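Undergrad: Let me give you the structure first, and then I'll get to my questions.
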Amino acid sequence: MKKWNKGVRITPPTYSDAVEEKLQQLKKDGVRLPSRHLLRTDEQLAGIRESAKINTALLDYINANIREGMSTAEIDHMVYAFTTDHDAIPADFLYEGYPKSVCVSINDVVCHGIPNTKEILCNGDIVNVDVSTIYKGYFSDASRTYLIGEVSPDKQRLVQVAKECRDIGIATAQPWTRLGDIGAAIQEHAEKNGYSVVREFCGHGVGIKFHEEPDVMHYGKKGTGMMIVPGMTFTIEPMINMGKRDIFIDEEDEWTVCTEDGLPSAQWESMILITENGNEILTE
Ligand code: MF3
Ligand code: CO
1 MKKWNKGVRI TPPTYSDAVE EKLQQLKKDG VRLPSRHLLR TDEQLAGIRE SAKINTALLD
61 YINANIREGM STAEIDHMVY AFTTDHDAIP ADFLYEGYPK SVCVSINDVV CHGIPNTKEI
121 LCNGDIVNVD VSTIYKGYFS DASRTYLIGE VSPDKQRLVQ VAKECRDIGI ATAQPWTRLG
181 DIGAAIQEHA EKNGYSVVRE FCGHGVGIKF HEEPDVMHYG KKGTGMMIVP GMTFTIEPMI
241 NMGKRDIFID EEDEWTVCTE DGLPSAQWES MILITENGNE ILTE
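Residues 1 to 284 (the numbering used here) make up the sequence shown, in order.
Structure representation (structure tokens):
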């Protein structure tokens, strides 16, 4: 029986000589590289994959059960029950004092909506459900935006483009390119469609902790930022606004983030692993 803290590296990740050579050369060139603890070992990856599987099954379960007339508190109960039934823990619960097991963000709520019994899903709503799972100490994270009943074409298009932004971000996240490439590609697609990108929240390293280095911006410039290296696991989770990008945080609960102009916002989040020849989607 092995006994050690999950976060402590015993065996460093082993890469092909080509990868090691490349890392050494880039280091000499002064390129910003992720610290070694952000490159996952095979053992860590096995745990992260198990966690990710539960997280994806949970979003499928929500997909099958979410409906008009339901309160956001009912979604919270589903998330808690499903996660604990799988011997896992919702990572949101009590994270920095967050009171519930899931974030449910409706229409003009950008993110971090707190479930409650008074908030009811209505026909025409777009609802982001953001779930995060801890399994055997390993973290996973993803979100989807669900359509409730008959949603107006303009809101449907927002949800669709937000998903495309996430997918373009994933396609751009290739080894030996830069984090700024991801942001630039997402920003271009959002703005080309007449939408804006929220800048105050970003994707993040995830796996050994909930929110790790690096920050993954959803806007920015090609060829800038940290080098993307095989072994990294991080999220891409653009929040796309129909109107202006400005947001505010609810003063009372200090969590709920809303658009300043009251127009809707949509989000899709995936967690990916950078591999030697591309990437692998871990959650969606
Ligand atoms: N799940 C969010 C993310 O995508 C984080 C939510 S933190 C919480 O990173 F405390 F609000 F739950
Ligand atoms: Co996240």
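Glycine included, every Cβ here is placed at the ideal spot set by N, Cα and C. Since the structure is predicted, the reported quantities are computational estimates derived from the model, not experimental observations.
For Glu50, which option in Pro230, Gly207, Gln174 has the closest C-alpha, if you only look at C-alpha atoms?
TA: Counting from 1 along the sequence shown, the entry for residue 50 is found at position 50. For Glu50, the nearest C-alpha among the options comes from Gly207.
Undergrad: Just grab the DSSP bridge partners of Val129 for me.
TA: Start at 1 with the first residue of the sequence shown, and residue 129 comes out as number 129. Bridge partners of Val129: Val104, Arg144.
Undergrad: Give the C-beta separation of Leu58 and Phe82 to the nearest angstrom, bearing in mind that I take them to be a contact with Cβ-Cβ under 8 Å.
TA: Numbered from 1 along the sequence shown, position 58 holds the residue referred to as residue 58. Numbered from 1 along the sequence shown, position 82 holds the residue referred to as residue 82. Going by Cβ atoms, the distance from Leu58 to Phe82 rounds to 5 Å, so yes, they are a contact pair.
Undergrad: Which runs of the alpha helix (DSSP H) fall wholly inside the segment 15–39 and span at least 4 residues, in chain order?
TA: Entirely contained in the segment 15–39, the alpha helix (DSSP H) runs reaching 4 residues are, in chain order, 17–28.
Undergrad: Which residue comes first and which comes last in the beta strand (DSSP E) that contains Asp215?
TA: Taking the first residue of the sequence shown as position 1, residue 215 is located at position 215. Note, Asp215: beta strand (DSSP E), 212–216.
Undergrad: Which first and last residues belong to the beta strand (DSSP E) in which Gly203 is found?
TA: Reading the sequence shown from its first residue, position 203 is the one you call residue 203. Element bounds for Gly203: 203–205.
Undergrad: What would DSSP say about Leu158, mapped onto helix, strand or coil?
TA: Walking along the sequence shown from the start, residue 158 turns up at place 158. Looking at Leu158 - three-state DSSP - the assignment turns out to be helix.
Undergrad: At a cut-off of 8 Å, would you count His77 as near ligand 2, judging by its Cβ distance to the nearest heavy atom?
TA: Within the sequence shown, residue 77 is the residue found at index 77, counting from 1. No, the Cβ of His77 stays beyond 8 Å of every heavy atom of ligand 2.
Undergrad: Just to confirm my understanding: we take Ala185, look at its own chain, exclude 5 residues before and 5 after, and list those with CB closer than 6 Å. What are they?
TA: As a working mapping, residue 185 is identified with position 185 in the sequence shown. Excluding positions up to five away in sequence, the list reads Ile168, Thr172.
Undergrad: At a cut-off of 8 Å, would you count Trp255 as near ligand 1, judging by its Cβ distance to the nearest heavy atom?
TA: Translated into positions along the sequence shown, residue 255 becomes position 255. Answer for Trp255: yes, Cβ within range of ligand 1.
Undergrad: Any contact between the segment 251–262 and the segment 214–229? By contact I mean 3 or more CB pairs, one from each, below 8 Å.
TA: Judged by Cβ distances under 8 Å, the segment 251–262 makes no contact with the segment 214–229, as fewer than three pairs qualify.
Undergrad: Smallest Cα separation from Thr117: which of Met70, Asp125, Ile89?
TA: Taking the sequence shown and counting its residues from 1, the one referred to as residue 117 is at position 117. Checked all of Met70, Asp125, Ile89; the closest Cα to Thr117 is Met70.
Undergrad: Assuming contact is defined by CB atoms lying nearer than 9 Å, are Ile274 and Thr233 in contact in what I supplied?
TA: What you label residue 274 is simply residue 274 of the sequence shown in a count that begins at 1. What you label residue 233 is simply residue 233 of the sequence shown in a count that begins at 1. Cβ atoms of Ile274 and Thr233: closer than 9 Å.
Undergrad: Which residues in the same chain have their Cβ closer than 8 Å to the Cβ of Gln16, if we skip the five residues on either side of it in sequence?
TA: The sequence position of residue 16 within the sequence shown is 16, counting from 1. It is worth fixing the name first, because residue 16 is Ser in this sequence and not Gln. Glu276.
Undergrad: Report whether the distance from the Cβ of Glu200 to the nearest heavy atom of ligand 2 is below 8 Å.
TA: Position 200 of the sequence shown, counted from the first residue, corresponds to residue 200. Outside the cutoff, so no.
Undergrad: Compute the Euclidean distance between the alpha carbons of Asp76 and Gln267, then round it to the nearest angstrom.
TA: Position 76 of the sequence shown, counted from the first residue, corresponds to residue 76. Position 267 of the sequence shown, counted from the first residue, corresponds to residue 267. Cα-Cα distance, rounded: 18 Å.
Undergrad: Kindly list the residues whose CB is nearer than 6 Å to the CB of Tyr61, restricted to its own chain and excluding five residues on each side of it in sequence; keep chain order.
TA: The count along the sequence shown starts at 1 and reaches residue 61 at position 61. Result list for Tyr61: Phe82, in chain order.
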